[in-house]
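Heads up, the sequence shown is in our numbering, so the first residue is 50 and it goes up one at a time.
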Amino acid sequence: MALVGCGSAVPAATITNLDLSARVDTSDEWIRSRTGIGARRVAGPGETVTSLATAAGQAALDHAGWRAEDLDLILLATSSPDDLFGTAPRVQGALGACNAVAFDLTAACSGFLFSLITAAQYIGSAGMRRVLVIGADQLSRWVDWDDRSTCVLFGDGAGAVAVQACPAAENGLLAFRMRSDGSRNGCLTLAQSTQHRPLVAGLSAQVGGFTPIHMNGQEVYKFAVREVPAVLAELLEASGVAAEQLDWLLLHQANQRILDAVAERFAVPNTRVLSNLASYGNTSAATIPLMLDEAVRDGRVRPGHLLASSGFGAGLSWGGALVRWSGPQIDASLPSAVAA
Ligand code: ACO
Numbered sequence: 050m051a052l053v054g055c056g057s058a059v060p061a062a063t064i065t066n067l068d069l070s071a072r073v074d075t076s077d078e079w080i081r082s083r084t085g086i087g088a089r090r091v092a093g094p095g096e097t098v099t100s101l102a103t104a105a106g107q108a109a110l111d112h113a114g115w116r117a118e119d120l121d122l123i124l125l126a127t128s129s130p131d132d133l134f135g136t137a138p139r140v141q142g143a144l145g146a147c148n149a150v151a152f153d154l155t156a157a158c159s160g161f162l163f164s165l166i167t168a169a170q171y172i173g174s175a176g177m178r179r180v181l182v183i184g185a186d187q188l189s190r191w192v193d194w195d196d197r198s199t200c201v202l203f204g205d206g207a208g209a210v211a212v213q214a215c216p217a218a219e220n221g222l223l224a225f226r227m228r229s230d231g232s233r234n235g236c237l238t239l240a241q242s243t244q245h246r247p248l249v250a251g252l253s254a255q256v257g258g259f260t261p262i263h264m265n266g267q268e269v270y271k272f273a274v275r276e277v278p279a280v281l282a283e284l285l286e287a288s289g290v291a292a293e294q295l296d297w298l299l300l301h302q303a304n305q306r307i308l309d310a311v312a313e314r315f316a317v318p319n320t321r322v323l324s325n326l327a328s329y330g331n332t333s334a335a336t337i338p339l340m341l342d343e344a345v346r347d348g349r350v351r352p353g354h355l356l357a358s359s360g361f362g363a364g365l366s367w368g369g370a371l372v373r374w375s376g377p378q379i380d381a382s383l384p385s386a387v388a389a
């Protein structure tokens with residue numbers, strides 16, 4: 050498949066580190082030095098996962114030069130849906146993508162990467178031609194704004210990438226790996242509350258609802274700096290690509306120190322590591338496409354560029370992909386020979 054368009058959307062309101070230090074016992078200096086984060090966007094009234102994902106998706110369609118009715122599939126990576134029955138169909142309806150099937154995929158901060166890889170499977174084996182892959186999260190709903198260890202980290206946003214079937218020579222997903230380790234699930238959770246209410250004599254039913262994000266930051270940090278380099282090293286070796294051949298490292302934006310550690314492991318200079326943590330913090334499934342869109346639009350990522358990407362987070366889940374950015378095709382008509 051080829052990556053031919055991208056888009057993104059963020060809420061209007063910004064909350065700075067200074068704003069947060071008026072609420073919890075923290076400081077701009079602590080947050081910047083430990084995470085690289087300077088501000089984050091938080092959804093206000095009327096801004097939802099659906100509205101952000103729709104805006105990002107529409108921008109990606111426009112960039113690719115596609116009409117919504119040309120889409121076969123919409124994958125929405127999110128861990129903070131507007132509707133637990135699925136938010137992707139709302140996005141499909143809002144876009145007017147009447148010929149697309151749409152469903153959610155949940156894998157926390159790995160969700161976008163897992164969705165991109167999933168899109169390739171549908172293109173490769175199910176005959177789908179045009180797919181919109183969206184990562185969108187509104188974790189501000191689930192953050193305990195009085196817990197300084199987590200509330201400084203997260204923000205809201207959405208990013209989208211348009212991918213299409215293409216001849217094998219133009220394939221933009223060169224290699225990938227996906228991993229899960231549920232034995233470490235307790236490190237980072239957004240779990241159902243355990244509250245019950247009486248139902249009939251001798252029986253109670255669980256009350257729906259979630260407890261705020263709980264994270265063992267140190268464990269997640271150690272996991273990330275161990276597993277992300279390992280999965281990327283495996284990918285590079287398997288595909289015979291040297292780190293010097295990479296144009297960009299496009300990692301999940303969780304912490305600048307994690308980005309720096311991975312870059313150091315591969316001797317990739319900081320100038321080739323994409324980071325927008327300072328503006329947006331960790332937007333979960335949205336970070337990778339939000340960052341890609343910014344870098345494509347300001348001309349850093351150009352057609353033909355090779356990127357090593359990695360998503361990681363709750364699950365625990367992580368993965369990596371070697372990706373080549375194609376950009377909008379001048380002739381948007383699809384070839385007859387297709388490849389994943
Ligand atoms: N302001 C000031 N002090 C704070 C803050 C804060 N916002 N938060 C914690 N502290 C304090 C702690 O209470 C502790 O104080 P103590 O020593 O008196 O007990 C001290 O700072 C050090 O705390 P640590 O947790 O050890 O801080 P650390 O250097 O590990 O940084 C952080 C914490 C930034 C969360 C880091 O561990 C991290 O980034 N972890 C990875 C998170 C991540 O990658 N998540 C990705 C997945 S997200 C997803 O999937 C949804």
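Yeah, the Cβ is synthetic: ideal placement off N, Cα and C, and Gly gets one too.
Source: prediction; values computed, not measured.
Query, Result
"Secondary structure, alpha helix (DSSP H): runs of 4+ residues fully inside the region 328–386", "336–346"
"Met264 - partner residues in DSSP beta bridges", "Leu237"
"Cβ distance (whole Å) where Leu355 is taken to contact Leu339 below 8 Å", "With 8 Å as the limit, Leu355 and Leu339 do not qualify as a contact, their Cβ atoms being about 20 Å apart."
"In DSSP terms, what Gln294 is bridged to", "Bridge partners of Gln294: none, in fact."
"Cβ-Cβ separation, Val212 to Val311 (assumed contact under 8 Å), whole Å", "Not a contact, Cβ separation roughly 25 Å."
"Anticipated Cβ contact below 8 Å, Ala175 with Ser128, distance rounded", "Between Ser128 and Ala175 the Cβ distance is about 25 Å, and since that is not below 8 Å, they are no contact."
"Neighbourhood of Ala151 by C-beta, 6 Å cutoff - its chain only, sequence neighbours within 5 removed", "Ile123, Ala137, Pro138, Gln141"
"Residues near Pro352 in its chain [Cβ-Cβ closer than 8 Å; skip 5 each side]", "Trp374, Ser375, Gly376"
"Whole-angstrom distance between Trp194 and Ile64, CA atom to CA atom", "12 Å"
"Classification of Ala386 by the beta-carbon crowding that lies within 10 angstroms, buried from 16 upward", "In this prediction, Ala386 has a pLDDT of 44, which is less than 50 and means its spatial position is unreliable; what the coordinates show is noted afterwards. Exposed is the call here."
"Thr260 CB to nearest heavy atom of the ligand ACO below 6 Å", "no"
"Run of the beta strand (DSSP E) containing Thr84, from where it starts to where it stops", "Element bounds for Thr84: not the beta strand (DSSP E) but the alpha helix (DSSP H), 77–84."
"Cys147 CB to nearest heavy atom of the ligand ACO below 6 Å", "no"
"Proximity test, Tyr270 beta-carbon vs the ligand ACO heavy atom, cut-off 6 Å", "yes"
"For Asp230 and Val91, believed in contact at Cβ under 8 Å, the rounded distance", "Going by Cβ atoms, the distance from Val91 to Asp230 rounds to 31 Å, so no, they are not a contact pair."
"Heavy atom of the ligand ACO within 6 Å of Trp367 beta-carbon", "no"
"For Gly56, the first and last residue of its enclosing beta strand (DSSP E)", "51–58"
"Pick from Pro247, Tyr171, Pro130, Arg275 that is closest to Glu313, judged by C-alpha positions", "Arg275"
"Reduced DSSP category for Thr167 - H, G, I as helix; E, B as strand; rest coil", "helix"
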